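K.L.:
Numbering-wise (the working numbering), the sequence shown opens with residue 87 and increments by one.
Ideal Cβ positions, reconstructed from N, Cα and C, are used throughout, including at glycine.
This structure is a prediction, so every number in the text was calculated from the model and none was measured.
Dropping the structure in here first, questions after.
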Amino acid sequence: QVQLVESGGGLVQPGGALRLSCAASGTIFSLNVMGWYREAPGKQRELVASITKGGSTAFADSVKGRFTISRDNAKNTVYLQMNSLKPEDTAVYYCNLKMKLLREYEYWGQGTQVTVSS
């Protein structure tokens with residue numbers, strides 16, 4: 087069984103920064119992608135950023151230039167550095183792990199609240 091444990095959410099003023107972490111435990115296959123999604127009230131969950139084990143990244147247009155994603159493969163941990171935060175970044179952020187071995191597997195973290203407000 088795979089578990090994802092997130093940390094690092096909270097309240098921050100506009101223009102501030104936060105760093106989210108997500109540690110995966112259990113049986114993690116080599117072919118995997120880790121990422122972050124977010125869900126704001128009344129909106130659908132959307133991809134924020136993702137990173138492959140090899141380091142290839144993808145970002146939502148709304149966060150390009152402000153957020154970076156990185157991972158420590160030895161620790162099966164992914165990080166999301168969020169800078170220049172805006173009120174519209176307010177959402178519950180979910181860690182996501184996709185793996186493939188004969189078939190695809192997908193796991194979610196419990197979510198961490200990020201609130202950007204003065």
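TYR193 to LEU183, Cα distance in whole Å?
P.N.:
In a straight line, the C-alpha of TYR193 is about 5 Å away from that of LEU183.
K.L.:
Give a yes or no on whether the C-beta atoms belonging to GLU92 and SER107 are separated by under 8 Å.
P.N.:
In this structure, SER107 lies closer than 8 Å to GLU92 by Cβ.
K.L.:
Could you compute how far the alpha carbon of LYS129 sits from the alpha carbon of THR176?
P.N.:
Approximately 11 Å, taken between the alpha carbons.
K.L.:
Closer than 8 Å by C-beta to ARG131: which residues in its own chain qualify, once you throw out the five before and the five after it? Chain order, please.
P.N.:
The answer, listed in chain order, is TYR123, ARG124, GLU125, TYR180.
K.L.:
Taking all protein chains shown into account, decide if SER136 is buried (16 or more other Cβ within 10 angstroms of its Cβ) or exposed.
P.N.:
Classification for SER136: buried.
K.L.:
Could you tell me which whole beta strand (DSSP E) segments of length 3 or greater appear in the segment 163-195?
P.N.:
Segments of the beta strand (DSSP E) lying fully in the segment 163-195: 163-168, 177-187, 189-194.
K.L.:
Count the other C-beta atoms from every protein chain shown that fall within 10 angstroms of the C-beta of LEU188, then say buried if there are 16 or more, exposed otherwise.
P.N.:
Exposed, by the Cβ-count rule.
K.L.:
Once the 5 residues before and after LEU171 are set aside, which same chain residues still bring their CB inside 6 Å of it?
P.N.:
Excluding sequence neighbours, LEU171 sits near VAL98, GLY102, VAL202.
K.L.:
With C-beta atoms as the reference, is VAL149 less than 8 Å away from VAL134?
P.N.:
In this structure, VAL134 lies closer than 8 Å to VAL149 by Cβ.
K.L.:
So for SER203, helix, strand or coil by DSSP?
P.N.:
The answer is coil: DSSP assigns SER203 none of H, G, I, E or B.
K.L.:
Do GLY112 and ARG105 have their C-beta atoms closer together than 8 Å?
P.N.:
No, they are not a contact pair.
K.L.:
Given a cut-off of 8 Å on the beta-carbon distance, is the pair MET168 and ARG157 in contact?
P.N.:
In this structure, ARG157 does not lie closer than 8 Å to MET168 by Cβ.
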